[in-house]
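Peer 1: First the structure, which I've put down as structure tokens, then a few questions once you've had a look.
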Amino acid sequence: MSDKVHYSDLGLVNTRDMFAKAMAGGYAIPAYNFNNLEQLQAIVTACVESRSPVIIQVSKGAREYANATMLRYMAMGAVKMANEMGVDLPVCLHLDHGDSFEVCKSCVDNGFSSVMIDGSHLPFEENVALTKKVVEYAHQFDVTVEGELGVLAGIEDDVVAEKSTYTKPEEVEDFVKKTGVDSLAISIGTSHGAFKFKLKEGEEAPPLRFDILEEIEKRIPGFPIVLHGASSVVQDYVALINQYGGKMEGAVGVSEEQLRRAAKSAVCKINIDSDGRLVVTAKVREYLANNPGEFDPRKYLGAARKELIKLLNHKNEAVLGSAGKV
Ligand code: G3H
Ligand code: 13P
Ligand code: ZN
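Add 1258 to the 1-based position in the sequence shown for the working numbering, that's all there is to it.
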């Protein structure tokens, strides 16, 4: 295992100050997943261009894919790159959907400034016990912790949930008090992946359950809420994928208007992964179809990176409201 390192030595920050400002300012911090260099370059560039604080997050699978030590220095590189671009960008490195104390501890020891412990599939008291154990360890190093109550449909690393279970507002106060978490992910109708709703011809996606969110806000006023499964599944990219040999008919996400409304509430962190994946896939497919003789990854990944920067700028400016907050 690699040597221990504290996130402050990498130039990273935890979520505390970011969330306090987002709560007061009525916007949400973008939490973008990344697995490789081009995704991270795009995130940094877009957040510098739009002056948005950012949470860069890796799943357990991404950590296995990219190597924990490599990720640590990529995050450090992200901070330095932003700096060289002239912006002192607040960057938080976050573990997405940690599923055990051990993986969270390993991240805390390896330079992460925030971790999620996802005990949402466990019975309430077991979720409390696991989350509390992570909080007690992480807080010794001023690493912030996200917990989850309620289950989202879709895939979260190795866990696949067929159906979602909305968060029960009557449980949140007790959970937050007993665990000491810094933020809480809730289930109000979003889900993971690119197929969030099964819609018939002409049907619209059902609205998020803002009534549940409001009930939760009443019970834990001013407490930072996190929204997972918040990709909009931009239809232009789905169409490009299908046009160039892909097969993603029926892919649909959460509307930007619903996310804008959430960002103005106690929702301080909005998780987006699938939209980034769609852009990259669409642009790589398009580039290779139009340039069949090309075999330099910089060409097709460069095209994908350029489009991803455009999309993330748009998200920060028009959806999350985080642009101009640095
Ligand atoms: O919530 C799940 C994220 O989109 C991460 O997905 O486990 O395939 O990296 P992954
Ligand atoms: P999407 O699949 O909607 O992008 O959600 C990502 C997410 O919640 C990561 O934790
Ligand atoms: Zn998630």
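Cβ atoms here follow ideal geometry from the backbone N, Cα and C, with glycine treated the same way.
Just list the residues that DSSP pairs Val1373 with in beta bridges.
Peer 2: As a working note, residue 1373 is residue 115 in the sequence shown. Leu1353, Val1403, per the DSSP bridge assignment.
Peer 1: Out of curiosity, what's the CA-to-CA distance linking Lys1583 and Leu1410?
Peer 2: What you label residue 1583 is simply residue 325 of the sequence shown in a count that begins at 1. What you label residue 1410 is simply residue 152 of the sequence shown in a count that begins at 1. Each residue's Cα considered, the two are about 30 angstroms apart.
Peer 1: Considering only residues of the same chain and omitting the five flanking positions on each side of Gly1447, which have a CB-CB separation below 6 angstroms?
Peer 2: Residue mapping note: residue 1447 aligns to position 189 of the sequence shown, counting from 1. So the list reads Leu1466, Arg1467, once near-sequence residues are dropped.
Peer 1: Please report how far the alpha carbon of Val1312 lies from the alpha carbon of Cys1305, in whole angstroms.
Peer 2: Indexing the sequence shown from 1 puts residue 1312 at position 54. Indexing the sequence shown from 1 puts residue 1305 at position 47. The alpha-carbon atoms of Val1312 and Cys1305 are separated by roughly 7 angstroms.
Peer 1: Who pairs with Val1316 in a beta bridge, going by DSSP?
Peer 2: If you number the sequence shown from 1, residue 1316 lands on position 58. Leu1353.
Peer 1: Beta carbon of Val1491, beta carbon of Ala1443: below 8 angstroms?
Peer 2: Within the sequence shown, numbered from 1, the residue matching residue 1491 stands at position 233. Within the sequence shown, numbered from 1, the residue matching residue 1443 stands at position 185. In this structure, Ala1443 does not lie closer than 8 angstroms to Val1491 by Cβ.
Peer 1: What does DSSP give as the partner residue(s) for Phe1292 in the beta ladder?
Peer 2: Against the sequence shown, residue 1292 aligns to sequence position 34. The partner list for Phe1292 (beta bridge, DSSP) is empty, contrary to what the question assumes.
Peer 1: If contacts are defined as beta-carbon pairs under 8 angstroms, then Arg1518 and Val1577 qualify, I think. What distance do you get, rounded to the angstrom?
Peer 2: On the sequence shown, residue 1518 is found 260 positions in, with the first residue counted as 1. On the sequence shown, residue 1577 is found 319 positions in, with the first residue counted as 1. Indeed, because the Cβ distance is near 6 angstroms, the residues count as touching under 8 angstroms.
Peer 1: Specify the secondary structure class of Ala1286 as computed by DSSP and reduced to three states.
Peer 2: In the sequence shown, residue 1286 corresponds to position 28, counting from 1. Here Ala1286 sits in coil by DSSP.
Peer 1: Would Gly1487 and Ser1449 qualify as a contact pair, given that the criterion is a beta-carbon distance under 8 angstroms?
Peer 2: Counted from its first residue, the sequence shown places residue 1487 at position 229. Counted from its first residue, the sequence shown places residue 1449 at position 191. Cβ distance < 8 angstroms, so Gly1487 and Ser1449 count as in contact.
Peer 1: State whether the region 1394-1402 contacts the region 1359-1374, with contact taken as three or more CB pairs (one from each stretch) at a distance under 8 angstroms.
Peer 2: Yes, they touch.
Peer 1: If we require 3 or more residues per run, which beta strand (DSSP E) segments fall completely within the region 1488-1554?
Peer 2: Qualifying beta strand (DSSP E) stretches, in chain order: 1525-1530.
Peer 1: Would you mind sorting Pro1348 into buried or exposed? The rule is 16 or more other CB atoms within 10 Å of its CB.
Peer 2: Translated into the one-based positions of the sequence shown, residue 1348 becomes position 90. It is buried - the Cβ of Pro1348 has at least 16 other Cβ atoms within 10 Å.
Peer 1: To the nearest angstrom, how far is it from the Cα of Asp1494 to the Cα of Tyr1285?
Peer 2: As a working mapping, residue 1494 is identified with position 236 in the sequence shown. As a working mapping, residue 1285 is identified with position 27 in the sequence shown. Those two C-alpha atoms are separated by around 26 angstroms.
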